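Below: one structure, written as structure tokens.
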Amino acid sequence: MAHLRETSDKALKLLRTLPRVQIGNLRPNPNSKQNDKRGRAQHGGDKHGAGNKGSGQRQNFMRLGYETGNQPFYLRFPYEPYYKGHHLKRQYPPISLLQLQVLIDTNRIDISQPIDISTLCNSGLLKLKPAEMEYGFQLTDEGLDNFQAKINIEVQHASEAVIAAIEKNGGVIRTAYYDPRSLHMLANPKKWFEKGVPIPSRMLPPQDAVDYYTDPKNRGYLANPEAISQDRLVLAQKYGYQLPKIEEDSAYEMLTTAKDPRQVFYGLEPGWLINIVDKTIIKRKQ
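In the working numbering, the protein residues as written are 4 to 289.
Encoded structure:
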């Protein structure tokens, strides 16, 4: 009996210290309530957000361009010839002179070596997507007055002001065309070399791009070198600066380095095989 009395006294003492039972203290047992619906959709979650009836609920989606009986968008507006073949036009992502100067100042690009698509992509800040009709970079004139580097750069498109800004500092610029396969190689050279396939030859530009890359005013890689030298003097007189003499420059060899029209990488000829594991170059027999 004494044991029961002590137990009851402890229980009463515990009840005196505990708070009173109120609505705020009541809680259901853990996992005693199960929600058989999902979220707060239109029908309380019983349709899982897919609606009540129709093809959307059954995943029988409508064909592309069909607007449930309404006149489709592509028929609602007249034909615009401007967009004919628009999905086939070559795109050139822009890179400004200001961005290029920042990459040089932050040692992302080594100006003691020629600069091409591979150099720009290896900086880690620029990407090229040949699968989305991107055929290289175009150099824009943003930061024109602040560009001070002497470089040998190869891009795919450049304006006259950009050419003048680079040649004013004693540099050399060249515009060149690359076919899609060559662009894939330049965008990620390591991935290509890991395939163990010989370097192919670069294709010549299509008919609609021949005029641009053979024009010395655009510094095309297929233009006559003598015509380019003459146009360099004409451009210097037009913009009012003294054209530096490349022949007397200490970096003459770097500034005059150029690729062959069928060459993809600097210093690597078509047909050579690059072995990354053994760090060797297998040259083809002549």
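Using N, Cα and C, we set each Cβ at its ideal position, and we do this for glycine too. As the structure is a prediction and not an experimental result, all values here were calculated from the model.
*If you compare alpha carbons, which of Phe140, Ser204, Gly223 and Tyr181 is closest to Val175?*
Mapped onto the sequence shown, residue 175 falls at position 172. Here the closest residue by C-alpha is Gly223.
*Can you tell me which of the three DSSP states Asn221 falls into?*
Against the sequence shown, residue 221 aligns to sequence position 218. Helix at Asn221.
*Can at least three beta-carbon pairs, one atom from the segment 96-110 and one from the segment 58-69, be found at a separation below 8 Å?*
The segment 96-110 vs the segment 58-69: no contact.
*Let me know the secondary structure DSSP gives Leu67 once reduced to three states.*
The residue you call residue 67 lines up with position 64 of the sequence shown. The answer is coil: DSSP assigns Leu67 none of H, G, I, E or B.
*Give the straight-line distance between the Cα atoms of Lys171 and Thr260, rounded to the nearest whole angstrom.*
Counted from its first residue, the sequence shown places residue 171 at position 168. Counted from its first residue, the sequence shown places residue 260 at position 257. Note on geometry: alpha-carbon atoms of Lys171 and Thr260 lie some 19 Å from one another.
*What is the residue span of the alpha helix (DSSP H) that Val280 lies within?*
What you label residue 280 is simply residue 277 of the sequence shown in a count that begins at 1. Segment: none, Val280 is in no alpha helix (DSSP H) and carries neither H nor E.
*Among residues of its own chain, excluding the 5 on either side of Pro225, which ones have a beta-carbon nearer than 7 Å to its beta-carbon?*
Within the sequence shown, the letter at position 222 stands for residue 225. Note that residue 225 corresponds to Leu in the displayed sequence, not to Pro. The answer, listed in chain order, is Tyr216, Thr217 and Pro264.
_At the level of alpha carbons, what is the spacing between Asp104 and Val158?_
Here the question's residue 104 lines up with position 101 in the sequence shown. Here the question's residue 158 lines up with position 155 in the sequence shown. Correcting the residue type first, residue 104 is Gln in the shown sequence and not Asp. C-alpha separation (whole angstroms): 15 Å.
_Please report the straight-line C-alpha distance between Ile26 and Glu70, rounded to a whole angstrom._
Stepping through the sequence shown from its first residue, residue 26 is reached at position 23. Stepping through the sequence shown from its first residue, residue 70 is reached at position 67. Cα to Cα, Ile26 sits roughly 54 Å from Glu70.
_Given this structure, state the Cα-to-Cα distance separating Lys153 from Pro75, to the nearest angstrom._
Taking the sequence shown and counting its residues from 1, the one referred to as residue 153 is at position 150. Taking the sequence shown and counting its residues from 1, the one referred to as residue 75 is at position 72. Their Cα atoms are separated by approximately 55 Å.
_Just to confirm, is the Cβ distance from Pro209 to Gly274 under 7 Å?_
As a working note, residue 209 is residue 206 in the sequence shown. As a working note, residue 274 is residue 271 in the sequence shown. No; because the gap between Cβ atoms is not below 7 Å, this pair is not in contact.
*In the structure shown, what three-state DSSP assignment does Gln102 receive?*
Numbered from 1 along the sequence shown, position 99 holds the residue referred to as residue 102. Of the three classes helix, strand and coil, the one that applies to Gln102 here is helix, per DSSP.
*How many whole angstroms separate the CB atoms of Glu1 and Ser99, which I take to be in contact at a CB cut-off of 8 Å?*
Since the displayed the chain opens at 4 and closes at 289, residue 1 lies outside it and no answer follows.
*asked:* Assuming Arg8 is part of the beta strand (DSSP E), what are its boundary residues?
replied: The residue labelled residue 8 in the question sits at position 5 within the sequence shown. Premise fails: Arg8 lies in the alpha helix (DSSP H), Ala5 to Thr20, not in any beta strand (DSSP E).
*Tyr267: buried (16+ other C-beta within 10 angstroms of its C-beta) or exposed?*
In the sequence shown, the residue the question calls residue 267 occupies position 264. It should be pointed out that residue 267 corresponds to Val in this sequence rather than to Tyr. Its Cβ being crowded by 16 or more others within 10 Å, Val267 is buried.
_Proximity below 7 Å, CB of Gln151 to CB of Tyr95_ = Along the sequence shown, one-based indexing puts residue 151 at 148. Along the sequence shown, one-based indexing puts residue 95 at 92. For Gln151 and Tyr95, no; Cβs fall outside 7 Å.
_Measuring straight from C-alpha to C-alpha, what distance separates Tyr269 and Leu189?_
Residue numbering aside, residue 269 sits at position 266 when the sequence shown is read from its first letter. Residue numbering aside, residue 189 sits at position 186 when the sequence shown is read from its first letter. Each residue's Cα considered, the two are about 11 Å apart.
*In this structure, does DSSP put Thr109 in helix, strand or coil?*
The residue you call residue 109 lines up with position 106 of the sequence shown. Coil, per DSSP.
*Between Lys241 and Asp148, what straight-line distance do the alpha-carbon atoms span, to the nearest angstrom?*
As a first step, residue 241 is located in the sequence shown; it is residue number 238 there, counting from the start. As a first step, residue 148 is located in the sequence shown; it is residue number 145 there, counting from the start. For Lys241 and Asp148, the distance between alpha carbons rounds to 16 Å.
_If the criterion is Cβ atoms closer than 7 Å, does the pair Met257 and Asn155 meet it?_
On the sequence shown, residue 257 is found 254 positions in, with the first residue counted as 1. On the sequence shown, residue 155 is found 152 positions in, with the first residue counted as 1. Their beta carbons are under 7 Å apart, which means Met257 touches Asn155 by this criterion.
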